[in-house]
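For the sequence shown, this note's numbering begins at 10 and goes up steadily by one. Note that the Cβ used here is the ideal one computed from N, Cα and C, for glycine as well. These notes are about the structure you will find just below.
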Amino acid sequence: MKTDKILDIAKRRGFFWKSSLIYGGLSGFYDYAHLGAALKRRWENAWRRFFLSMDENFHEIEPCQIMHENVFRASGHIDSFIDPVVKCKKCLNVERADHLIESVVGGSFEGVSLEDMSRIIREKGIKCPKCGGPLEEVGVLNMMFPVELGADGSTRAYLSPETAQGAYVNFKQEFEVLRRRLPMGLAVVGKAFRNEISPRNALLRMREFTQAELQIFFDPERIDSHPRFDEVSGYRLLLLPEKNRKSGKVSGVSCSDATRFLPRFYIYHMAMVQKFYLEVLGIPKERFRFRELVGDEKAFYNKYHWDVEILLESAGGFREVAGVHYRTDHDLSGHQKVSGESMEVSIEGRKFVPHVLELSFGVDRNIYALLENCYREEKERTIFSFPRRVSPFDAGVFPLVNRDSLPEKAREVQSMLTASGFSVFYDSGGSIGRRYRRIDEVGVPAGITIDHQTLEDGTVTLRDRDSMKQARVSIEKLPSALSRFLDGESLKALGKML
Ligand code: GAP
10 MKTDKILDIA
20 KRRGFFWKSS
30 LIYGGLSGFY
40 DYAHLGAALK
50 RRWENAWRRF
60 FLSMDENFHE
70 IEPCQIMHEN
80 VFRASGHIDS
90 FIDPVVKCKK
100 CLNVERADHL
110 IESVVGGSFE
120 GVSLEDMSRI
130 IREKGIKCPK
140 CGGPLEEVGV
150 LNMMFPVELG
160 ADGSTRAYLS
170 PETAQGAYVN
180 FKQEFEVLRR
190 RLPMGLAVVG
200 KAFRNEISPR
210 NALLRMREFT
220 QAELQIFFDP
230 ERIDSHPRFD
240 EVSGYRLLLL
250 PEKNRKSGKV
260 SGVSCSDATR
270 FLPRFYIYHM
280 AMVQKFYLEV
290 LGIPKERFRF
300 RELVGDEKAF
310 YNKYHWDVEI
320 LLESAGGFRE
330 VAGVHYRTDH
340 DLSGHQKVSG
350 ESMEVSIEGR
360 KFVPHVLELS
370 FGVDRNIYAL
380 LENCYREEKE
390 RTIFSFPRRV
400 SPFDAGVFPL
410 VNRDSLPEKA
420 REVQSMLTAS
430 GFSVFYDSGG
440 SIGRRYRRID
450 EVGVPAGITI
460 DHQTLEDGTV
470 TLRDRDSMKQ
480 ARVSIEKLPS
490 ALSRFLDGES
500 LKALGKML
């Protein structure tokens, strides 16, 4: 199975593995090893480049992840950030109720009421999966991790379950410092913590994970406009509206047609999110969709909620990796009420609490989706065909053989590329064929080989991971050739093909 192969490579080559492994591991916690950490950093940087460049008034901040309990009182997480659970009367094992029902009945039971879940458990005769004992009525569990601060533990705080609150509590100060303009975007790439009852599928459901979230504060009176809407009006969004859920039919709907049921500000950002997936991350169209959530399925703070889903065979179908959330003034008004600090802004003589559009991404789920989508098996090799700019390294530098001054020359080339800002590594172990296979397996897009001809005419070979073709490029032009290659140019444009 593909998952087992990916998990095997992840462990064997150093992408990720269970945390605290020397003590047997801890469920729901994973550590990124050297390649995984590099891949994750690249993904995060691609995300920053794309979303922060949408508007000059979008900025990244770095708030704390342990926050005052009132933050979560105001946001509604203390009351509403709950999962349905069911306890065994005999062995006291606790299961997530909707997942347990799904495992027996199939389908999705997210958002179904507690009473209905209790009824289904009774009607279907569902028992404790651990001991076969009878189950109690379905109840709820708050998913946040409380933290007791100080020597006497008298101050209660929480590990933040989403990075978003860090942006909201900083909104007013940033708005003043950034000269009182809307829209204003505050991005956070940081950790989130949730006490998931059944962590599973490696990076897909964890208890400590990374989110990349952009909170866009805007004037609610302008929700049906965006200054760059015309640029996307003909762009087709891939939508699974609620009414198509049974058939699973994804409709291509142009942004201008989507104005029949969504406001332009929301649609524009959906288009940008889709472009990020299709154009930057290279996810094939047929493996991408926006899924509409309605009623109680929506997060408690959302008015409009469409999830980004990617097809993951290992998870049995489409899985949520991100979301476009219209949170209205839910959070800012909540903070205004609990803190007593005004969140109102005054623009052109009008006073109002800004509304928030949130673009929310789970980085680890995206890393997993990237690994699964880019994994290929060919006759003699396995490869991760990551987008070139999102690979863990830009290139490997290899001396063809370990003699005749080729290693020294290769080190020179490596230093020159590192000084030019590329992330490259040196490898001289084993035959050149084996070294190429090794970089293919971890998705490094370029292989640069120093051979005897290098000593004669100052050229090296540049090999493309995907086609395995090579071109000769002069060392002098190598930084610009490598940069163009990483930007997507074909080898042919960069040197003489071999
Ligand atoms: N601020 C909004 C928010 O947190 P969410 O849908 O709860 O919304 C956003 O989470 C994203 O975070 C999800 O789309 C998913 O990619 C990721 N995510 C959520 N729970 C996760 C978990 N337990 N493990 C890994 N990623 C998770």
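Could you give the C-beta distance for residue i and residue j, rounded to a whole number, given that I count them as a contact under 8 angstroms?
i: R474; j: P454; result: 5 angstroms
i: V422; j: I457; result: 7 angstroms
i: K11; j: S256; result: With a Cβ gap of about 26 angstroms, K11 and S256 do not count as contacting.
i: P396; j: L290; result: 6 angstroms
i: S400; j: R51; result: 7 angstroms
i: K49; j: Y39; result: No, K49 and Y39 are not in contact; Cβ-Cβ is about 11 angstroms, not under 8 angstroms.
i: I484; j: G497; result: Rounded, the Cβ-Cβ distance is 22 angstroms, inconsistent with contact.
i: E119; j: E306; result: 6 angstroms
i: V241; j: Y286; result: Rounded, the Cβ-Cβ distance is 15 angstroms, inconsistent with contact.
i: A211; j: E367; result: Between E367 and A211 the Cβ distance is about 26 angstroms, and since that is not below 8 angstroms, they are no contact.
i: M279; j: W315; result: 7 angstroms
i: L247; j: G261; result: 6 angstroms
i: E171; j: Q220; result: 6 angstroms
In whole angstroms, what separates the C-alpha of residue i from that of residue j?
i: C100; j: K139; result: 8 angstroms
i: K136; j: F327; result: 28 angstroms
i: M126; j: G142; result: 17 angstroms
i: A502; j: K200; result: 42 angstroms
i: V365; j: Y377; result: 28 angstroms
i: A166; j: I206; result: 21 angstroms
i: F402; j: G148; result: 47 angstroms
i: P293; j: A47; result: 23 angstroms
i: Y435; j: D460; result: 14 angstroms
i: H235; j: Y277; result: 7 angstroms
i: D338; j: R296; result: 33 angstroms
i: G405; j: V433; result: 6 angstroms
i: A106; j: N204; result: 15 angstroms
i: F431; j: Q479; result: 20 angstroms
i: T164; j: G175; result: 19 angstroms
i: G243; j: R58; result: 24 angstroms
i: L320; j: A428; result: 39 angstroms
i: G452; j: L379; result: 11 angstroms
i: E124; j: L302; result: 21 angstroms
i: G34; j: K14; result: 20 angstroms
i: V114; j: R245; result: 35 angstroms
i: R385; j: T391; result: 6 angstroms
i: L213; j: E381; result: 12 angstroms
i: N311; j: D266; result: 23 angstroms
i: V354; j: L271; result: 25 angstroms
i: M425; j: K486; result: 11 angstroms
i: L6; j: E450; result: Nothing about residue 6 can be read from this structure; the chain reaches only from 10 to 507.
i: E146; j: S169; result: 29 angstroms
i: E350; j: Y177; result: 12 angstroms
i: F407; j: V482; result: 15 angstroms
i: D413; j: S394; result: 33 angstroms
i: F494; j: R446; result: 20 angstroms
Under a CB-based cut-off of 8 angstroms, is residue i close to chain C?
i: P293; result: Within the model displayed, chain C is absent; a lone protein chain is all it includes.
Just grab the DSSP bridge partners of residue i for me.
i: E465; result: For E465, which the question treats as bridged, DSSP gives no partner whatsoever.
i: A455; result: A404 and D473
i: Q224; result: L195 and E367
i: T337; result: V365
i: D356; result: The identity of residue 356 in the sequence shown is Ile, whereas the question assumes Asp. In DSSP, I356 forms a bridge with R359.
i: N151; result: I91
i: M506; result: A480
i: G326; result: L321
i: W315; result: E301 and V333
i: W26; result: D40
i: E124; result: Answer by DSSP bridge pairing: none, since E124 is not bridged.
i: R245; result: S263
i: L144; result: C97
i: E157; result: R165
i: A1; result: Only positions 10 to 507 of the chain appear in the structure, and residue 1 is not among them; the question remains open.
i: T219; result: K200
i: H77; result: A166
i: F67; result: G194
i: I392; result: R385
With contact counted as at least three CB pairs below 8 angstroms, one residue from each stretch, are the region 405-418 and the region 67-76 in contact? no
Taking contact to mean 3 or more Cβ pairs, one atom from each stretch, closer than 8 angstroms, check whether the region 58-69 and the region 78-98 are in contact. no
Below 8 angstroms, how does it come out for the region 335-348 and the region 148-158: are there three or more Cβ pairs, yes or no? no
So, do the region 351-371 and the region 330-337 have three or more beta carbon pairs nearer to each other than 8 angstroms? yes
Count the CB pairs spanning the region 184-193 and the region 216-229 that are closer than 8 angstroms, and state whether there are at least three. yes
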